[in-house]
Ligand code: PMP
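In the working numbering, the protein residues as written are 2 to 450.
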């Protein structure tokens with residue numbers, strides 16, 4: 002049972018420890034604030050459960066070191082963009098070789114067909130397009146879906162995140178969809194571009210898709226952006242069927258769920274989406290996104306793409322599909338996103354999830370663990386939520402801040418958003434997994450009766 006008084010006291014102590022052991026990070030933050038628009042090179046890097054973020058000096062496999070010389074096991078791994086680890090020598094060698102031959106031609110190269118072939122072989126989609134990021138891939142795919150269906154609106158789930166895609170910052174309640182809190186500067190009212198419904202609600206899904214007005218349904222097959230939320234049995238199959246019946250393109254955004262398995266979640270579960278979105282770790286650390294489509298979607302795209310207008314189509318850009326992005330994808334698929342690494346990352350996650358479950362049970366905590374391949378997170382509730390509204394209502398800000406801070410002070414970085422979400426690297430040793438469990442338990446013991 003959590004003792005709230007102890008929790009508050011321990012949180013204050015851990016905050017103090019953090020401030021004393023991260024003074025260089027503090028000074029660097031002050032320097033950044035003088036010249037950087039968001040106190041950081043990217044807006045949401047400033048969103049950190051503590052007073053200021055750690056400033057990183059270097060990374061190596063599953064570890065990072067900050068400018069105060071603190072070393073951490075990294076469970077954030079660049080929000081999975083650095084999955085399975087940092088600083089791969091093989092990836093770096095391949096990228097350097099290409100760098101010496103040029104980084105951007107904005108003309109095709111012989112690598113393009115090879116890379117698309119590798120993606121097809123592994124993920125199963127017939128034809129591939131490229132983008133700078135998962136955001137970018139989602140944006141292109143949504144535009145293509147609108148063009149081929151001649152429909153304006155898209156359907157998403159509450160609590161989703163698909164990058165900085167304006168249409169996807171949507172929250173629906175009682176049949177009404179609004180812009181998600183915090184999203185700024187929208188150009189078109191969200192209710193005109195999007196409908197958002199709760200995940201795992203079969204009736205709502207059917208009701209919306211049967212309207213036959215949506216260009217696409219954009220979804221993560223397992224939600225990962227407000228805790229890990231698994232689909233109910235048959236839910237994704239139902240979504241696919243309804244999409245097919247009603248002329249809506251079924252898009253699976255695999256940016257995070259790729260960490261489930263060597264071939265991603267969709268392939269593992271035979272979902273055969275109309276379109277599959279990849280990003281983050283697919284570029285081996287280099288910015289890259291990709292969207293793979295079925296042959297029938299490709300045929301429809303062929304009908305609407307006019308080559309003479311492709312520069313004004315709104316699809317692509319100067320750096321899109323650059324030789325560096327292609328090299329990054331090739332390197333990631335060849336050296337890092339390997340079967341062996343998935344096996345090892347999953348074996349490490351087995352140890353961690355089992356151990357955390359035991360700690361929860363032993364201490365009669367009303368928490369649970371959700372797991373997706375090499376990813377796990379804690380729910381501060383007896384069972385993981387089934388949709389965003391449960392996720393939001395079960396979120397415990399103080400508990401989250403305490404555990405996050407205590408773990409940072411013990412040398413672990415979790416994803417700095419949502420409960421204690423972690424991506425598990427194959428490079429962790431068994432000893433490190435067990436040490437993590439001991440440290441986690443020690444942090445827990447300080448706040449319970
Ligand atoms: N899709 C999903 C499911 C994501 O979680 C994210 C980022 N967290 C994105 C797309 C966007 O990725 P990026 O910021 O790399 O464009």
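Cβ coordinates follow ideal geometry from the N, Cα and C atoms, glycine included.
Given the structure is predicted, the values throughout are model-derived calculations rather than measurements.
Item                                                                                                                              : Value
Residue 260 and residue 282 closer than 9 Å at C-beta                                                                             : yes
Beta-carbon contacts of residue 331 that lie in its chain and below 6 Å, excluding the five residues immediately before and after : 116
Sheet register partners of residue 180 (DSSP bridge)                                                                              : 171
Enclosing alpha helix (DSSP H) for residue 409 [first to last residue]                                                            : 398 to 410
Option in 185, 226, 246 and 225 with minimal Cα separation from residue 213                                                       : 246
CB contact flag (residue 256, residue 228, <9 Å)                                                                                  : no
Check: residue 363 C-beta below 8 Å from any heavy atom of ligand 1                                                               : no
Residue 124 vs residue 293 beta-carbon contact at 9 Å                                                                             : yes
Nearest candidate by alpha-carbon position, reference residue 286, set 277, 326 and 322                                           : 326
Ligand 1 heavy atom lying under 8 Å from the CB of residue 44                                                                     : no
Simplified DSSP state of residue 303, which is helix, strand or coil                                                              : helix
Rounded straight-line distance, which links the Cα of residue 404 to that of residue 445                                          : 8 Å
Exposure label - residue 100; buried when at least 16 CB within 10 Å                                                              : exposed
For residue 87, the residue or residues it bridges with in DSSP                                                                   : 62
7 Å Cβ shell around residue 364 - same chain, five flanking residues per side excluded                                            : 445 and 449
At least three beta-carbon pairs within less than 8 Å, the segment 423 to 436 to the segment 66 to 80                             : yes
DSSP state of residue 1 mapped onto helix, strand, coil                                                                           : It is not possible to answer for residue 1, since the shown part of the chain is limited to 2 through 450.
Beta-carbon spacing of residue 137, residue 284 below 9 Å                                                                         : no
DSSP beta-bridge partners of residue 279                                                                                          : 291
For residue 59 and residue 206, the rounded distance between their alpha carbons                                                  : 45 Å
Residue 226: CB within 8 Å of a non-hydrogen atom of ligand 1                                                                     : yes
Heavy atom of ligand 1 within 8 Å of residue 1 beta-carbon                                                                        : Since the first residue of the chain shown is 2 and the last is 450, residue 1 is not available in this structure.
Proximity to residue 92 [Cα-Cα], best of 419, 118 and 336                                                                         : 336
Check whether residue 150 and residue 250 have beta carbons under 9 Å apart                                                       : yes
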